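Just below is one structure, and these are the notes that go with it.
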Amino acid sequence: MDEMDEIISDFLIETTELIEELSQKFVELESNRDNQALVNDIFRSVHTIKGASGFLGFTQMVQLTHITESVLKKIKDGDIFLAPNIMDVILESIDMVKVLLEHIKQKDEVEEDLTDILGKLQGVYDGAGASGEGAKSAKQASATPEPSVKDDNEELNTEIDLEDLQSRFAPKDEDHDSQEPSEESSPKHVGELLVEDGKVSEDDVEDALTIQSMIKESIDTGDVPKVGEILTATDKASREDVKKVLAKQTAPADKGQPQQVEQTIRVDVERLDNVLNLVGELVLARNRLMKLVANLEIKYADTADVSHLSELTAFINLITTDLQLAVMKTRMQPVKKVFNKFPRMVRDLARTMKKEVELRLVGEETELDKSIIEEVGDPLVHLIRNAADHGIELPDVREDAGKPRYGTVILSAYQEGNNIVLSIEDDGKGIDVDKLKEKIIERELASHDEVERMSNKEVLDYIFLPGFSMAKQVTDVSGRGVGMDVVKTNITKLNGAISIETEVGRGTRFLLRLPLTLAIIQALMVGVANEVFAVPLSSVVETVRLDKKDIKTIRGQETVFLRDEVVPVYRLANKFYIDSSSSNGTEKVYMVVIVVNEKKFGMMVDKLYGQEEVVIKSIEGFANSSDGIAGATITGDGKVVLIIDPTVIFSATLQGHK
Amino acid sequence: MAYDKNMKILVVDDFSTMRRIVKNILKQLGFDKIEEAEDGEQAFTKLKNGAFDFLVTDWNMPNVSGLELLKRVRSDAKLKSMPVLMVTAEAEKEQVVEAVKAGVNNYVIKPFTADVLKEKIEKIFEKMVKK
């Protein structure tokens, strides 16, 4: 990769980040129009993108950001009121920036047709799109583009901006002419003040101006000495006087908040992945080492070398664990990264559906592994859309129900033990479980009797079945029957779980429980015949030793009565077609109790080996995890072991085809 | 102080791509002692602690802007004669007056080529020699 490519890829990363932040800020801005700091931030971001694009030769990007920037400047200066329709245009232009970024990324050299969006922005700029902001047009009219000396800085701004805009479509490589007004306004200030202070005479200033204009003619760049400089050079005024005057002129600048400087470097994700992979290998090697040392300790208990080795191994164990944590931390990113795009999405949704929806974000600083952050975006989009579309009612309906006109969707993230919980909560109409039951029967997914026996939770779980949609009417936004099953599959793929809480008339809450990291998990090692399997500890509740006679068959299903609870039992051996003692009549068997979707299952195995930290390695050519295998790992004694995916195994049984 | 390819330059911009671009152009011109800062605050700390010969700063930055940085430099006993080149965008050109008042040595409008930058730097240092 040569230097230029690197710069462009930097530009892409950085600009994409800026744009993400921008979308969030725009929505914030709409609800808080007076936030000058916010407008400034937005203005600066667009400005920055334009600046860098200019260097990199992205002409279309420059065109677009230039006019967007001009519009933002007017908003900043209070010349344009930020009405929703104007916000729409600006957001559209930001969307176009994204499209252009994509072209740059793809290097496809495709030019977008910007006429429409540029026209709209121009319209806003000219005030056509704005609702009669008459007061402002007067200001514009007074600012004739005549390069006379202006004292009023604001007027000057407007004027140059207009000029700026006029030259927007014209090539503007060397338009130094337009700097003239500012160049000329500078001497007048300094000169005037010096005269006022009685330091120089008006004639002196006049002379200085003449000298200056002479110099200006002789060089063609903007580098003209200041009147102050000329006055000092010609000994008409002392440097001190000029400085004093200059100091007087300079308005006390706003003191920026001294902010703690964050020392960061950018690292390619590939490199981090590589480090993580290596740490994974190291963890595996450590596990083996510990096992070997344990064996040695038994064999040569009193040897000094062995005890030193064991000390050292303990130390290595400690370091490896710390290293693993540290590496995992480098991959952690705040969920803000995904959350940021939602305010914009909800805003757009609400506008199309004529609803009033407020999205509140809580716990945006909560951190998750990068790969999980990336995967969790789509499911969240779905759930939030659903909340806004099906959950929140129309304003009038809400009012009739005694609720505020605007609905609230709360998206929050928090850590709970080794999990991160994401919750999507709306105060809408909730899910009517009875109606859901009718639908289940109607679709012949379960018989009337079966449905009657189900708990509300079990009924709600049907929402996650493929092709099952709750929406009565298919809207543009959601309800086409694709979605919730995909959401569930995606969350499950991440070793996560999803659950629903709902109350009719009060709202619905979806809870996503996600692991902190994907690569390394705690697992329970179990044995079936001669095979060893790893079961993710996160889904294991307990292990029980059973007498075979405790297993009762109820309607063809083996079950165990476990502390007042009926738990269905499955044999791991059957699942993987292994001959094992547990299926062949030994008296005592082990059962691992697993929870999937808050439902308990018993999994019968022959042996329990204990807990081990395993590094998940994906199996090449085995992308589909529908067989209930999450991956493979290498154990401490060097064996390759399959990792079981209980969610897949038992959700298959949940749906009745085992 | 003479114009010297070995001079230590501080490039200040909040957008790292821009810093890279400016750095790249400076390198094309033969400078390699280049350091970066991402805003005025950080830049000022670096300037105080390191012997820099030349400051190239962006105007529009969060926290401490380029102009504010310039003012701080000019009012610091040790740094006040530091040559400063301000990188500005078109939209800011009307504000250049302010920078000139605050004592900027020169300014350059984005986007610029290596030649333009070279010319600007040469001018700054020619003038300094004259003084």
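Here the protein sequences line up with chains R and U, keeping their order. Each residue of the first sequence is one higher than the one before, counting from 1 in this note's numbering. Each residue of the second sequence is one higher than the one before, counting from 659 in this note's numbering. Glycine included, every Cβ here is placed at the ideal spot set by N, Cα and C. Predicted model, so just to flag it, every value in this text is computed and none were measured.
Does the distance from the C-beta atom of ILE420/R to that of LEU516/R stay below 8 Å?
-> For the purposes of this step, residue 420/R is taken as the residue at position 420 of the first sequence. For the purposes of this step, residue 516/R is taken as the residue at position 516 of the first sequence. In this structure, LEU516/R lies closer than 8 Å to ILE420/R by Cβ.
Would the stretch 353–361 of chain R and the stretch 407–418 of chain R be scored as touching if the rule is three or more Cβ pairs under 8 Å?
-> yes
Flag this pair as touching only if the stretch 377–397 of chain R and the stretch 437–444 of chain R have three or more C-beta atom pairs under 8 Å; answer yes or no.
-> no
Contacts around VAL327/R, its chain only, beta-carbon distance under 6 Å, and the 5 residues preceding and following it disregarded | Counting from one through the first sequence, the residue named residue 327/R turns up at place 327. The answer, listed in chain order, is VAL275, LEU276, VAL279.
Chain R contacts from the stretch 729–743 of chain U (Cβ-Cβ distance under 8 Å) = LYS729
With DSSP as the reference, label THR633/R as helix, strand or coil.
-> For the purposes of this step, residue 633/R is identified with residue 633 of the first sequence, where counting begins at 1. Here THR633/R sits in strand by DSSP.
Exposed or buried, what is VAL89/R when buried is set at 16 or more other beta-carbons lying within 10 Å of its beta-carbon?
-> Locating residue 89/R in the first sequence gives position 89, where the first residue counts as 1. Looking at its Cβ environment, which holds 16 or more other Cβ atoms inside 10 Å, VAL89/R is buried.
Under 7 Å by beta carbon: chain R residues contacting THR675/U = In the second sequence, counting from the first residue as 1, residue 675/U sits at position 17. The contacting residues are ILE7, ASP10, PHE11, GLU14, ALA52.
Examine chain A for any beta-carbon lying closer than 8 Å to the beta-carbon of HIS47/R, and answer yes or no.
-> Among the protein chains of the structure shown, namely R and U, there is no chain A.
Beta-ladder partner(s) of ALA413/R, from DSSP | Taking the first sequence and counting its residues from 1, the one referred to as residue 413/R is at position 413. ALA413/R pairs with LEU422/R.
Residue closest to PRO568/R, alpha-carbon to alpha-carbon, out of ASN574/R, GLY602/R, VAL540/R | Start at 1 with the first residue of the first sequence, and residue 568/R comes out as number 568. For the residues ASN574/R, GLY602/R, VAL540/R, the minimum Cα distance to PRO568/R belongs to GLY602/R.
Compare the C-beta of ARG44/R with all C-beta atoms of chain U and state if any pair is closer than 8 Å.
-> The residue you call residue 44/R lines up with position 44 of the first sequence. Yes - at least one Cβ of chain U is within 8 Å of the one on ARG44/R.
Residue-level contact to chain U via CB, GLU3/R, 8 Å cutoff = As a first step, residue 3/R is located in the first sequence; it is residue number 3 there, counting from the start. It does; some Cβ of chain U falls within 8 Å.
Can VAL532/R and VAL641/R be called in contact, C-beta distance under 8 Å?
-> Position 532 of the first sequence, counted from the first residue, corresponds to residue 532/R. Position 641 of the first sequence, counted from the first residue, corresponds to residue 641/R. In this structure, VAL641/R lies closer than 8 Å to VAL532/R by Cβ.
List the residues of chain R that ASN664/U touches, going by C-beta distances under 9 Å, in chain order.
-> Walking along the second sequence from the start, residue 664/U turns up at place 6. Per Cβ cutoff of 9 Å: no residues; ASN664/U is ~22 Å from chain R at best.
Spatially closest choice to LYS662/R from LEU546/R, VAL535/R, LEU380/R, GLU558/R, by CA coordinates | Lying before the first or after the last residue shown, residue 662/R is absent from chain R, which here runs from 1 to 658.
Inspect the beta-carbon positions of ARG344/R and SER31/R and report whether they are closer than 8 Å.
-> Sequence index remark: in the first sequence, residue 344/R carries index 344 (1-based). Sequence index remark: in the first sequence, residue 31/R carries index 31 (1-based). Not a contact, by the Cβ cut-off of 8 Å.
Enumerated in chain order, which unbroken segments of the beta strand (DSSP E) with a length of 3 residues or greater are wholly contained in the stretch 488–514 of chain R?
-> 497–503
Can you check the stretch 368–399 of chain R for any alpha helix (DSSP H) of at least 4 residues that lies completely inside it and give the ranges in chain order?
-> 370–386
Tell me, please, whether the CB atom of VAL640/R is closer than 8 Å to any CB atom in chain U?
-> Sequence index remark: in the first sequence, residue 640/R carries index 640 (1-based). False, the Cβ-Cβ gap to chain U never drops below 8 Å.
6 Å CB neighbourhood of VAL71/R in its chain, flanking five on each side removed | Position 71 of the first sequence, counted from the start, is the residue given in the question as residue 71/R. The residues are LEU121, VAL124, TYR125.
Please name the residue in TYR577/R, LEU289/R, GLY505/R, VAL605/R whose C-alpha comes closest to that of LYS403/R.
-> If you number the first sequence from 1, residue 403/R lands on position 403. Nearest option by C-alpha distance: GLY505/R.
Beta-carbon proximity list for LYS76/R, same chain, < 7 Å, skipping 5 on both sides | Looking up residue 76/R in the first sequence gives position 76. Counting only Cβ-Cβ distances below 7 Å, and skipping sequence neighbours, we find VAL39, ASN40, PHE43.
Close beta carbons around LYS370/R, own chain, < 6 Å, minus the five adjacent residues each side | Here residue 370/R refers to the residue found at position 370 of the first sequence. Only ARG331, GLN333 meet the Cβ criterion.
Would PHE464/R count as contacting chain U if we go by Cβ distances under 8 Å?
-> To locate residue 464/R, count along the first sequence from 1; it is residue 464. No - not a single Cβ of chain U is within 8 Å of the one on PHE464/R.
Report the option in PHE26/R, ILE8/R, HIS66/R whose CA atom is closest to the CA atom of GLN106/R.
-> In the first sequence, counting from the first residue as 1, residue 106/R sits at position 106. Of PHE26/R, ILE8/R, HIS66/R, the residue nearest in Cα terms is ILE8/R.
Pick out whichever of ILE94/R, THR543/R, ALA523/R, LYS74/R has its Cα sitting closest to the Cα of LYS600/R.
-> For the purposes of this step, residue 600/R is taken as the residue at position 600 of the first sequence. The shortest Cα separation from LYS600/R among ILE94/R, THR543/R, ALA523/R, LYS74/R belongs to THR543/R.
What residues from chain R crowd round ILE692/U, counting only those whose CB sits closer than 9 Å?
-> Indexing the second sequence from 1 puts residue 692/U at position 34. None at all; the shortest Cβ gap to chain R is about 14 Å.
Consult DSSP for LYS663/U and reduce its assignment to one of helix, strand or coil.
-> Counting from 1 along the second sequence, the entry for residue 663/U is found at position 5. Note: LYS663/U maps to coil in three-state DSSP.
Taking 8 Å as the cut-off, decide whether the C-beta atoms of ILE384/R and VAL346/R are in contact.
-> Here residue 384/R refers to the residue found at position 384 when the first sequence is read from its first residue. Here residue 346/R refers to the residue found at position 346 when the first sequence is read from its first residue. Cβ atoms of ILE384/R and VAL346/R: closer than 8 Å.
Can you tell me the Cα-Cα spacing of ILE521/R and ASP627/R, whole angstroms?
-> Looking up residue 521/R in the first sequence gives position 521. Looking up residue 627/R in the first sequence gives position 627. Each residue's Cα considered, the two are about 20 Å apart.
Using a Cβ-Cβ cut-off of 8 Å, state whether ILE679/U counts as contacting chain R.
-> Taking the second sequence and counting its residues from 1, one reaches residue 679/U at position 21. So yes, ILE679/U belongs to the interface.
Can you tell me which of LYS639/R, THR68/R, ILE619/R puts its alpha carbon nearest to the alpha carbon of GLY631/R?
-> Your numbering for residue 631/R matches position 631 in the first sequence. Checked all of LYS639/R, THR68/R, ILE619/R; the closest Cα to GLY631/R is ILE619/R.
CA-CA distance, ILE13/R and GLU6/R?
-> Mapped onto the first sequence, residue 13/R falls at position 13. Mapped onto the first sequence, residue 6/R falls at position 6. Roughly 11 Å between the two C-alpha positions.
Residues bridged to ILE767/U (per DSSP) | Counting from one through the second sequence, the residue named residue 767/U turns up at place 109. THR746/U, per the DSSP bridge assignment.
Neighbouring residues, chain U, relative to PHE58/R (Cβ below 8 Å) = Sequence index remark: in the first sequence, residue 58/R carries index 58 (1-based). In chain order: nothing, as chain U lies at least about 10 Å away.
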